[in-house]
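I have placed the structure first, in the form of structure tokens, so that the comments after it can refer back to it.
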Amino acid sequence: MKETRRAKALISEYFIFVIFIALVVVLTCLKPSFIQPSNLVNILKQASINGILAFGMMFVIIAGGFDMSVGSTVAFTGILAAMLGQGQYPIIVPLVVAMLGGLAVGIINGVGVSVGNLPPFIMTLGTMTAVRGLALLISDGKPIIGISEPYKAVAASSIFGIPMLAVFLVIIILICSFVLSKTVYGRRVYACGGNLLAAQVSGINTTRIRISTFAIAGLLAGLCGFLMTSRVTIGQPTAAESYEMDAITACVVGGVSMSGGVGKPWGVVVGCLLITVIANGLDIMGVSSHWQKIVKGLIIVLAVLIDVKGKSKKR
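Each residue of the sequence shown is one higher than the one before, starting from 1 at the first, in my numbering.
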């Protein structure tokens, strides 16, 4: 009986990884060009930006929240970075300003949810709209061009053949994994999402913890804004539309429970790679981007359904 339970637990935990490997094999058989080095590098670059954003979302969801504003925050901070990254300042300046801009949006979200007691969906939907409008306002609705060569080189460069964007992702993975698994703060994040009232009774400052998770999401969205502008070489106020859905999908597919309290960093990594590979595979097969959105929507529904069914069985 115990062996059966262990087997089921292992299958459940590594199911998404098996699906990912199977998908790669199928796409390779259907389109041999899928495994060309140039395409794999492209996948890695896109997955890196999505992955960093998803890790910020992971903190919010594990703590029992939800953030619809990260896509708009990426666009807004990307515009800030583009305006300051035209050679007039050292490259560190647009990076810091972009991350601080994202941090500010995250703190506003956290205060609205934790202090103002607004539902996370409503609060972040409002900031999503406002921040997108702010990006359009400061750019006059036009792309910001003319970023410096050193700034462009951030996304274009590599270390030992590994894209710099992937290096950023690995650093974020290591930091977030350590924080969630090895620190008191990480345990408190899980506690807030598992049972908010019980966490409050046990003496955890749940208001501060929840604000901090939104702040982390905003901070990482700011980093994504900086990196995305470097990759596409312009600041685009309409960029990153639906990025929040990609981040949520990566989390849910990777095993982060939408009801909070459950989720592992490695699952988010695999979830992000899976979503990116699906999009890339559909692209190289000539499938319309409209169909890609339908597929992503179905994946979210299926992943949440599996999560709900799994919880009901445990009860």
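No residue lacks a Cβ here, since even glycine has one placed at the ideal position from N, Cα and C.
Because the structure is a prediction, the values reported are computed rather than measured.
| Is it right to say Met164 is buried, meaning 16 or more other beta carbons lie within 10 angstroms of its own, or is it exposed? | Buried, because 16 or more other Cβ atoms sit within 10 Å of the Cβ of Met164.
| said: Less than 7 Å between the beta carbons of Glu244 and Gly71, yes or no? | reply: In terms of Cβ geometry, Glu244 and Gly71 form a close pair [threshold 7 Å].
| field | Cutoff 7 Å; reference Cys176; Cβ partners in own chain excluding five residues on either side | value | Phe55 and Pro265, listed in sequence order.
| request: Keeping to the same chain, check which residues put their C-beta closer than 7 Å to that of Thr34; ignore five residues upstream and five downstream. | output: The sequence shown places Phe at residue 34, rather than the Thr named in the question. Beyond the five residues adjoining it in sequence on each side, Phe34 comes within less than 7 Å, by CB distance, of Leu27, Thr28, Gly281 and Ile284 in the same chain, given in chain order.
| request: Report the rounded CA-to-CA distance for Asn182 versus Val113, giving the unit in angstroms. | output: Residue identity differs from the one stated: residue 182 is Lys in this sequence, not Asn. Each residue's alpha carbon lies about 27 Å from the other.
| Helix, strand or coil: how does DSSP classify Pro163 here? | Pro163 carries a strand assignment under DSSP once its states are collapsed to helix, strand and coil.
| query | Which residues in the same chain have their Cβ closer than 7 Å to the Cβ of Met258, if we skip the five residues on either side of it in sequence? | reply | Setting aside the 5 residues that flank it on each side, Met258 is surrounded in the same chain by Ile61, Val252, Val304 and Asp307, each with a C-beta closer than 7 Å to its C-beta; the list follows chain order.
| request: Determine the burial state of Phe76: buried for a count of at least 16 other Cβ atoms within 10 Å of its Cβ, exposed for fewer. | output: Label assigned to Phe76: buried.
| Just how far apart, CA to CA, sit Leu220 and Gly102? | Pairing Leu220 with Gly102, the inter-Cα distance amounts to about 7 Å.
| query | Gly261 to Thr229, Cα distance in whole Å? | reply | Roughly 33 Å separates the two Cα atoms.
| Taking the runs of the alpha helix (DSSP H) that are 4 residues or longer, which of them lie wholly in the stretch 5-93? | Runs of the alpha helix (DSSP H) inside the stretch 5-93: 37-62 and 70-84.
| message | DSSP has Gly267 in a bridge; who is on the other side? | response | Per DSSP, none; premise fails for Gly267.
| field | Beta-ladder partner(s) of Ile144, from DSSP | value | Under DSSP, Ile144 takes part in a beta bridge, and its partners are Gly235.
| message | Mapping the DSSP letters down to three states, classify Ser158 as helix, strand or coil. | response | DSSP places Ser158 in the strand class (E or B) of the three-state scheme.
| query | For Met99 versus Ile144, is the C-beta spacing smaller than 7 Å? | reply | Contact: no.
| Nearest residue (CA-CA) to Phe20, options Met57, Thr276, Gly51 and Pro150 | Among Met57, Thr276, Gly51 and Pro150, the Cα nearest to that of Phe20 is on Thr276.
| request: Kindly examine the ligand SAH and report whether one of its heavy atoms sits closer than 6 Å to the Cβ of Gly193. | output: Looking at this structure, you won't find the ligand SAH or any other ligand, since it has none at all.
| message | Taking the straight line between their C-alpha atoms, what separation do you get for Leu174 and Ala191? | response | The alpha-carbon separation between Leu174 and Ala191 amounts to approximately 21 Å.
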